[in-house]
Structure formats: C-alpha cells, structure tokens
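One structure is given below, encoded as structure tokens.
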Amino acid sequence: MHAIVDHIQSVDLHAGEEARRYLDTLTKPPGSLGALEELAAQLCAITGELKPSITPPAVIVFAADHGVAAEGVSAFPQAVTAQMVANFAQGGAAINVLLVRLARVLKSWMSAWRAILRLLVWSMPRYAAVPLIWW
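Quick note: the sequence shown uses the UniProt record's numbering, first residue 1, plus one each step.
In structure tokens form, the structure reads like this:
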C-alpha cells in the first residue's frame, strides 16, 4: 500500500488555474457549465496537462430507485426514475449527446440494465419498510 501511495503526486494547481482561465475564454458565459468546468479543471490539475487524454473514455450513469420518494423528499415522483433510465437506454437524454462524442459504451450495458431494471425497480419495496442488509 505504501508503495502505491508513495507514487501519488500532488495536483498541479497551476494547470488547474490555467484550465479555468482557458474555459473562461470560450464562447459561453463564464462558469455557465457549472460543475463540469470545475471537474475539467480538477482533471487538468491531476494530470498536469491543459488538454489531458483519458483512454478509453467512458461514461457511467447511475440510477437508483430505492423507494425514498415515498418519504416526500424527492423532487419528482418515483415513476420518473424508470422513465429517465428508459430515456437513457433509447438515446434521448442529454448524456447521450456526450456519449456520441466521447464514449459509445452506454448502449451495450443499457440492454443489460433494462433487464436489471425490470427485476428491481418495479419490485423494490419502500426502503423504510425493509431492514438493512449488510454484506
């Protein structure tokens, strides 16, 4: 473990700042991409490069339907989760636009996810009514 940790380098704060300055020169209002801009700056700081390369690129989309909407704390009804995942699978969500350009991995695992979704989402009981199980 120490051998691995010893090879971890500090982030390059200069590269992160340079990335932020570059993003502000693009044709868009400064900061308009929100967290995506900060993520890009962090990636530049981690790699020390203004245009880092990530090979192979991948996008991972997580969706959960654990029944918490029944507690009245969710912005949307529980049915929206399944609708959104179906929209991802059919290529109709904003994330799919990024995938066309960056990574074409979603399509293959979304077919598997549809099967998992059928098994879990519609049969999942309200989370508060189920005892926690720890593995």
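Glycine included, C-beta positions come from ideal geometry on N, C-alpha and C.
Asked                                                                                          : Found
Less than 8 Å between the C-beta atoms of A45 and V11, yes or no?                              : yes
Between the region 39-53 and the region 13-28, are three or more C-beta pairs nearer than 8 Å? : yes
Under 8 Å between the Cβ atoms of P52 and L43?                                                 : yes
Closer than 7 Å to a non-hydrogen atom of the ligand MG - does that hold for the CB of P29?    : As for the ligand MG, it is missing from this structure, which has no ligand bound.
Helix, strand or coil for L99, going by three-state DSSP, please let me know.                  : helix
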